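*Asks:* Encoded as structure tokens, here's the structure I'll be asking about.
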Amino acid sequence: MNIVQQLVSAYQQKQYQKIIQFIEKQLFLLQKDPVFVQLFSGSLRQVQRVKDAERYLEKGLKKFKNHPELLNSLGNLYFATERVQLAISTLQKASLLAPKNVDLHYNLGRALVANEELHRAKGEIEKVLSLAPSHVHAKLVLADILSKQLKYEDAISIFEDILRLVPNNLLALNNIANLYRKLEDYEQALVYFENALLLDNENPTVLRNYAAVLALANKRREAHDIYLRAVGVAPHDWLVQQEFAKYLWEEDAEEPFAHINKYLKQNPHDDDFRFRYIQLLIQADEYESANSQIKLLSTDSLNLHAVAPLKARVLRELGEYESSIAAVSNISNPSNGIALLSERGYSLLCLGRTKEALDCFNKLVKKEPLNQGWWTMLSTCWSMAGEEARYKWLCDYEKLVYVNTIKHSQLDTHNFNNKLQDVLLERHKNQRHPIGQSLKNGTQTYEDLFLSSSSLIEELSKEILVQASAFIKDLKTDKAHPFYSRLSDKLKYIGSWSVRLRNGGFHKSHYHPEGWLSGVYYVDVPKAVDTAGQGWLMFGRADIANQCFEGDYAVKPKNGTLVLFPSYMWHGTNAFSTNEHRLTVAFDIVPEAQ
-3 MNIVQQLVSA YQQKQYQKII QFIEKQLFLL QKDPVFVQLF SGSLRQVQRV
47 KDAERYLEKG LKKFKNHPEL LNSLGNLYFA TERVQLAIST LQKASLLAPK
97 NVDLHYNLGR ALVANEELHR AKGEIEKVLS LAPSHVHAKL VLADILSKQL
147 KYEDAISIFE DILRLVPNNL LALNNIANLY RKLEDYEQAL VYFENALLLD
197 NENPTVLRNY AAVLALANKR REAHDIYLRA VGVAPHDWLV QQEFAKYLWE
247 EDAEEPFAHI NKYLKQNPHD DDFRFRYIQL LIQADEYESA NSQIKLLSTD
297 SLNLHAVAPL KARVLRELGE YESSIAAVSN ISNPSNGIAL LSERGYSLLC
347 LGRTKEALDC FNKLVKKEPL NQGWWTMLST CWSMAGEEAR YKWLCDYEKL
397 VYVNTIKHSQ LDTHNFNNKL QDVLLERHKN QRHPIGQSLK NGTQTYEDLF
447 LSSSSLIEEL SKEILVQASA FIKDLKTDKA HPFYSRLSDK LKYIGSWSVR
497 LRNGGFHKSH YHPEGWLSGV YYVDVPKAVD TAGQGWLMFG RADIANQCFE
547 GDYAVKPKNG TLVLFPSYMW HGTNAFSTNE HRLTVAFDIV PEAQ
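Counted from 1, the sequence shown has number 69 at position 73 by the numbering used here; the numbering is strictly sequential.
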């Protein structure tokens, strides 16, 4: 007992190597008491000997079968190493053996949240709070669950409860501020961020979140200064640097990546940071700069599988298609086979090698059948190969593109859109399109639009779901089809936004890989749509370099019109050339039960 107490004391003092050395000399202790197994494996984890920790926990459970605390330790190890399903099954077994163990229910709840099983997770966290009503960490997890369920007001109540218990809880202050941001109550959000900064005025996460809300509140000068402060505090923090760069980009700054380049000049060996920068440059279509950055990666990083698809993408965008294919070929046991296959398939299409590309995308559809992008690329392969029957099976525009008005009368439409336009334009304060989006020469809103408190936006979102349900009601199920196989009477949004295009503005042809049913509602369209197809919505015009696609179907925009279509369809717009704007609301919908 004296030895156990000494080791527990050493663990609390973080003397992990001392514990490891002591028990390694007396391994027989691991057969005497499960506490020794816990302390030993826990110390091994702390010094990054994770595999050894797992091995000794498994051995311990053979000796002390179904010991709840050992199962708890093993479950936590699985969770920390991103084996969430194993963590859940292990922790669930332990919680049945020890139903009043607070830590077990808490850890199981966290694992279920990570697995997006929010209802079950909520049940586990409620068990924790029934056993330990003041468990602050459990309250934080519960608030996170409620937030993910879009129950923002309930989540705010939990955070307020936490702040009554622990007024200086920085995480609660940050998170409650972010919830007020989602509710568009920017002034209240700013108050909580300012309180958080009174506790820690150099916290980079709080600073960047504070800056983002200042931008949303149209306090752009202040936002710039706070972002600058965050970068000064934590120049190595990629999230801070990325968010500031994106902000500068949308403000149309002359050198939006200046602070990133400054950091890399001072820290040339930070390959992880440079890798992320390359990804950002690709999103911004800055392929020459991305290529230059790839050449600055160390030899070890260049040999990593993760770099290969980035290098291939850059080479493809620069027109070096054979080199792009070579960059993703002959890689043994890749950890990112999907990205490698995708890049290979794209480059093969650029060269017109359709049969080989089809093989890549068929494999990708089997690996990720819900990823709409792979179906998009199959449609492209079939189109290029002249397989008209297959192409029409997937892209039957006459049946699968739905066009209808939201309001019953022209006067109703005019009045509704005028009011909606005012609400939307308040959200279009930035100067330039976001990085990584399809639009050019225009702006896009930041937040999930249909979570807005605006009654007009709420009315629009409800009417769209009504029409979406009406559209799919009479369609027939086809189990082999990516759209017809998922027909449902329960639909939900997974994203919504508004786009404002200016003179010369357009959408590059694109698709929505995470959606199922996508759409657009036209709030205000330019008169230019009456001339030569300007501003029209075009389907089937694939964006494949070195190949030419005219497009297969077009819709002329009209104020008050709703257009719905499967998310895998290539869609973009023609540019228009008048001093007007084109204001729309766009969204993605999926079936509730996927």
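Glycine included, every Cβ here is placed at the ideal spot set by N, Cα and C.
All figures in this text were calculated on a predicted structure; none of them were measured in a lab.
Return the chain-ordered list of same chain residues with a C-beta closer than 8 Å to the C-beta of E588, the five sequence neighbours on each side being excluded.
*Replies:* Excluding residues within five positions, the ones whose Cβ falls inside 8 Å are S484, K486, L487, K488.
*Asks:* For Q590 and R482, what's the separation of their Cα atoms in angstroms?
*Replies:* Note on Q590: pLDDT 48, under 50, position unreliable in the model; no value is reported.
*Asks:* Cutting at 7 Å between CB atoms, please list the residues of its own chain near L114, excluding the five before and the five after it.
*Replies:* Result list for L114: I141, K144, Q145, in chain order.
*Asks:* Tell me F271's beta-bridge partners as DSSP assigns them.
*Replies:* DSSP, once it has assigned bridges, lists no residue as partnering F271.
*Asks:* Just to confirm before moving on: does the CB-CB distance between L435 and V495 stay below 8 Å?
*Replies:* Taking 8 Å as the Cβ cut-off, L435 and V495 qualify as a contacting pair.
*Asks:* Could you tell me whether the Cβ atoms of A207 and A192 are closer together than 8 Å?
*Replies:* No, the Cβ-Cβ distance between A207 and A192 is not below 8 Å.
*Asks:* Indicate whether the contact test is met: 3 or more Cβ pairs, each with one atom in the region 243 to 260 and one in the region 407 to 420, closer than 8 Å.
*Replies:* Judged by Cβ distances under 8 Å, the region 243 to 260 makes no contact with the region 407 to 420, as fewer than three pairs qualify.
*Asks:* Would you say the region 500 to 520 touches the region 557 to 576, given that touching needs at least three Cβ pairs under 8 Å?
*Replies:* Yes, since at least three Cβ pairs between the region 500 to 520 and the region 557 to 576 fall closer than 8 Å, the two stretches touch.
*Asks:* Within a Cβ cutoff of 6 Å, which residues of the same chain sit near V581, ignoring the five residues on either side of it in sequence?
*Replies:* Contacts found: S494, Y517.
*Asks:* Which residue comes first and which comes last in the alpha helix (DSSP H) that contains N191?
*Replies:* Residues 182 to 195.
*Asks:* Span of the beta strand (DSSP E) holding Q440?
*Replies:* Segment 435 to 440, the beta strand (DSSP E) holding Q440.
*Asks:* May I ask you to verify whether the region 391 to 402 touches the region 548 to 563, counting CB pairs closer than 8 Å and requiring at least 3?
*Replies:* Judged by Cβ distances under 8 Å, the region 391 to 402 makes contact with the region 548 to 563, as three or more pairs qualify.
*Asks:* So, for A226: in the same chain, excluding its five sequence neighbours on each side, which residues have a beta-carbon less than 6 Å away from its beta-carbon?
*Replies:* Closer than 6 Å at Cβ, skipping near neighbours: P200, L203, R204, V236.
*Asks:* Per DSSP, H477 forms a beta bridge with which residues?
*Replies:* In DSSP, H477 forms no bridge with anything.
*Asks:* Would DSSP call R225 helix, strand or coil?
*Replies:* It is helical.
*Asks:* Which value, in whole angstroms, describes the spacing of the CA atoms of I490 and L175?
*Replies:* Cα-Cα distance, rounded: 18 Å.
*Asks:* For Q590, name the three-state secondary structure that DSSP assigns.
*Replies:* Low confidence applies here, because Q590 scores a pLDDT of 48, under 50, leaving its location unreliable and the question unanswered by this model.
*Asks:* Reducing DSSP to helix, strand and coil, say where V397 ends up.
*Replies:* The answer is coil: DSSP assigns V397 none of H, G, I, E or B.
*Asks:* How close, in whole Å, do the beta carbons of Y283 and E313 come, if the pair is a contact with beta carbons under 8 Å?
*Replies:* Contact holds; Cβ gap of about 4 Å.
*Asks:* Hey, would you say L374 sits closer than 8 Å to F357, going by beta carbons?
*Replies:* The answer is yes: Cβ separation under 8 Å.
*Asks:* What does the Cβ neighbour count give for E239, buried or exposed, with the cut at 16 atoms within 10 Å?
*Replies:* The residue in question, E239, is buried, as its Cβ has 16 or more Cβ neighbours within 10 Å.
*Asks:* Helix, strand or coil for Y176? Go by DSSP, reduced to three states.
*Replies:* Y176: helix per DSSP, three-state reduction.
*Asks:* Measuring straight from C-alpha to C-alpha, what distance separates Q646 and L421?
*Replies:* With the chain covering -3 to 590 only, the question about residue 646 has no answer from this structure.
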